[in-house]
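The listed protein sequences derive, respectively, from chains A and B. Mapping the first sequence onto our numbering, position 31 (from 1) lands on 31, and the numbers just tick up by one. Mapping the second sequence onto our numbering, position 17 (from 1) lands on 127, and the numbers just tick up by one. Where a beta carbon is used, it is the ideal one built from N, C-alpha and C, also for glycine.
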Amino acid sequence: ETGVTQSPTHLIKTRGQQVTLRCSSQSGHNTVSWYQQALGQGPQFIFQYYREEENGRGNFPPRFSGLQFPNYSSELNVNALELDDSALYLCASSLYGEAFFGQGTRLTVV
Amino acid sequence: QKEVEQDPGPLSVPEGAIVSLNCTYSNSAFQYFMWYRQYSRKGPELLMYTYSSGNKEDGRFTAQVDKSSKYISLFIRDSQPSDSATYLCAMSGGDDKIIFGKGTRLHILP
Chain A
1 ETGVTQSPTH
11 LIKTRGQQVT
21 LRCSSQSGHN
31 TVSWYQQALG
41 QGPQFIFQYY
51 REEENGRGNF
61 PPRFSGLQFP
71 NYSSELNVNA
81 LELDDSALYL
91 CASSLYGEAF
101 FGQGTRLTVV
Chain B
111 QKEVEQDPGP
121 LSVPEGAIVS
131 LNCTYSNSAF
141 QYFMWYRQYS
151 RKGPELLMYT
161 YSSGNKEDGR
171 FTAQVDKSSK
181 YISLFIRDSQ
191 PSDSATYLCA
201 MSGGDDKIIF
211 GKGTRLHILP
């Protein structure tokens with residue numbers, strides 16, 4: 001186990017709705033990154049938070065947003081859900097470069 | 111050209127064989143190279159983490175990085191059925207933004 005926990009494990013949303021995914025990072029890790037993994041693909045970088053500030057963003061639209069809290073846990077918010085947002089969402093925490101992933105949240109948009 | 115290229119497989123080998131997995135990349139700024147193992151419907155598990163060129167060994171696993179050729183490899187000795195999974199190569203330039211390959215599906219046949 002990596003010590004990175006994500007919730008919920010699965011959820012189903014309707015197109016146009018909003019969703020919030022949560023991540024608790026490994027103890028002592030001050031950097032949290034979020035990735036989207038479509039079926040049969042490698043994870044794609046969404047964004048990264050370091051000490052509560054966004055510290056890099058991949059090629060995702062502004063309707064993907066996030067937060068990091070003082071205890072380094074994090075949220076990923078997605079507004080105006082689209083069918084193509086259906087994927088496994090992964091959270092990774094790191095301290096000195098080595099990133100450890102949680103089990104992911106599988107989001108299905110119908 | 112994608113930043114990271116990885117043959118998706120599937121790759122099937124008999125139990126006990128040596129497995130060779132490979133990736134090529136185009137971005138010469140990459141300094142950190144990783145291999146992750148991902149079981150179905152699970153998050154990626156970090157197997158190997160290396161910096162710059164060279165070899166690293168951990169039990170039955172050996173990672174090789176050739177920066178001059180922009181080529182990385184993972185070797186698995188004495189392969190076991192429990193090694194059946196998807197193997198993701200990954201790399202970063204040190205900013206914790208990780209770029210992944212698509213993953214290679216590996217089947218070890220008993």
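Residue environment, residue i, which counts as buried when at least 16 other CB atoms sit within 10 Å
i                      : result
residue 100 of chain A : buried
residue 39 of chain A  : exposed
residue 85 of chain A  : buried
residue 169 of chain B : exposed
residue 218 of chain B : buried
residue 69 of chain A  : exposed
Chain B contact for residue i (CB, 9 angstroms cutoff)
i                      : result
residue 110 of chain A : no
residue 113 of chain A : This structure does not reach residue 113 of chain A, given that chain A is present from 1 up to 110, and the question cannot be answered.
residue 31 of chain A  : yes
residue 6 of chain A   : yes
Minimum Cβ-Cβ distance from residue i to chain A less than 9 angstroms
i                      : result
residue 118 of chain B : yes
residue 202 of chain B : yes
residue 256 of chain B : Residue coverage of chain B in this structure runs from 111 to 220, which leaves residue 256 of chain B outside it and unanswerable.
residue 171 of chain B : no
residue 219 of chain B : no
residue 181 of chain B : no
Minimum C-alpha distance to residue i - residue among the options
i                      : options                       : result
residue 77 of chain A  : A:31, A:4 and A:36            : A:36
residue 145 of chain B : B:180, B:133 and B:207        : B:133
residue 9 of chain A   : A:110, A:90 and A:42          : A:90
residue 191 of chain B : B:140, B:158, B:216 and B:197 : B:216
Integer Cβ distance of residue i from residue j, believed to fall under 8 angstroms
i                      : j                      : result
residue 27 of chain A  : residue 56 of chain A  : Actually they do not touch by this definition, with Cβ atoms about 23 angstroms apart.
residue 101 of chain B : residue 166 of chain B : With chain B covering 111 to 220 only, the question about residue 101 of chain B has no answer from this structure.
Contact residues within the segment 131-142 of chain B, judged by C-beta distance below 9 angstroms to chain A: Shown in chain order are the members of the segment 131-142 of chain B whose Cβ falls below 9 angstroms from a Cβ of chain A: 142.
Residues of the segment 86-105 of chain A whose Cβ lies closer than 7 angstroms to any Cβ of chain B, in chain order: Of all residues in the segment 86-105 of chain A, 90, 94, 97, 98, 99, 100, 101, 102, 103 and 104 have a Cβ within less than 7 angstroms of some Cβ in chain B.
Near-chain B residues of the segment 33-60 of chain A (beta-carbon distance less than 7 angstroms), N- to C-terminal order: Taking 7 angstroms as the cut-off between beta carbons, the residues of the segment 33-60 of chain A near chain B are 33, 41, 42, 43, 45, 48 and 56, in sequence order.
Interface positions of the segment 205-216 of chain B facing chain A (Cβ-Cβ less than 8 angstroms), listed along the chain: If the cut-off is 8 angstroms between Cβ atoms, the segment 205-216 of chain B has 205, 206, 207, 208, 209, 210, 211, 212 and 213 near chain A.
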